[in-house]
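Under my numbering, the sequence shown has 20 at position 20, and the numbering climbs by one with no breaks.
Ideal placement from N, C-alpha and C gives every residue a C-beta, glycine not left out.
Computed from a prediction, not measured in an experiment: that's the story for all the values here.
Taking it in order: structure first as structure tokens, then the write-up.
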Amino acid sequence: MRANFYLADEKQQVALGGLLGQFLKQGLVFLEGDLGSGKTTFTRGLIRELGHQGAVKSPTYTLVEPYVFDGRCVYHFDLYRLADPEELEMIGIRDYFDEDALCLVEWPQKGQGFLPSPDLCLHFSLSERQGRDLQVEALSDAGKAALQQLQKAQVV
1 MRANFYLADE KQQVALGGLL GQFLKQGLVF LEGDLGSGKT TFTRGLIREL
51 GHQGAVKSPT YTLVEPYVFD GRCVYHFDLY RLADPEELEM IGIRDYFDED
101 ALCLVEWPQK GQGFLPSPDL CLHFSLSERQ GRDLQVEALS DAGKAALQQL
151 QKAQVV
């Protein structure tokens, strides 16, 4: 199941991320796209919707940024600087994919072979119209349910 969204500006990226945060509380989300395509901006909206009050930064140098609030764990990964997917084993990547956690992975192709299948795959690209185009593919029952709810609620 797939859906396409047009996000005219940063405000709409954050808003759609927040909407998804209402519908997907746990699981695995891949965020794909070129540098500057909106992956971290979207993630900021999602994490803030779940209750985080502070800054949401890209974990480019640390590989993972944990957010723990209200008894929930959200892990934001950025694999851009990963030299070899086997490095994920060294940081104990499998331990993060707890059934109650929400894991958001930017540049998932860099971890190929070491990451489980995602619930949702989001592909961001620069739009011909100025903003961003977002294609969302649901790859699990939980992902399909979240995408259906997102389509119904989407007002951007």
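- [ ] Determine, using beta carbons only, whether Y67 and Y75 come nearer to each other than 9 Å.
- [x] yes
TODO: Kindly give me the distance between the Cβ atoms of L46 and L20, rounded to whole angstroms, as I take these residues to be in contact under 8 Å.
DONE: 6 Å
TODO: Could you check the C-alpha separation between E10 and G38 for me, to the nearest Å?
DONE: 8 Å
Task: Extent of the continuous alpha helix (DSSP H) run through F173 - done: Since the first residue shown for the chain is 1 and the last is 156, residue 173 is missing from the structure and cannot be characterised.
Open item on the list: Taking 6 Å as the limit between beta carbons, can you name the residues of its chain near D157, skipping five residues before and five after?
Closed with: For residue 157 there is no data in the structure shown, the boundaries of the chain being 1 and 156.
Open item on the list: Checking the sheet assignment: what are the DSSP bridge partners for R48?
Closed with: Beta-bridge pairing links R48 to no other residue.
TODO: Can you tell me which of the three DSSP states F114 falls into?
DONE: coil
Open item on the list: Checking 9 Å against the spacing of the C-beta atoms, do Q26 and L102 come in under that value?
Closed with: yes
Task: Range covered by the alpha helix (DSSP H) that runs through R94 - done: 93–96
Open item on the list: Taking the straight line between their C-alpha atoms, what separation do you get for L122 and M90?
Closed with: 26 Å
Open item on the list: Please identify the residue among G18, V14, L24 whose C-alpha is closest to the C-alpha of S140.
Closed with: L24
Open item on the list: Taking only three categories from DSSP, how would you classify L147?
Closed with: helix
TODO: Buried or exposed for P116, please, with buried defined as at least 16 other CB atoms from any protein chain shown within 10 angstroms of its CB.
DONE: exposed
Task: P85 vs L28 beta-carbon contact at 9 Å - done: no
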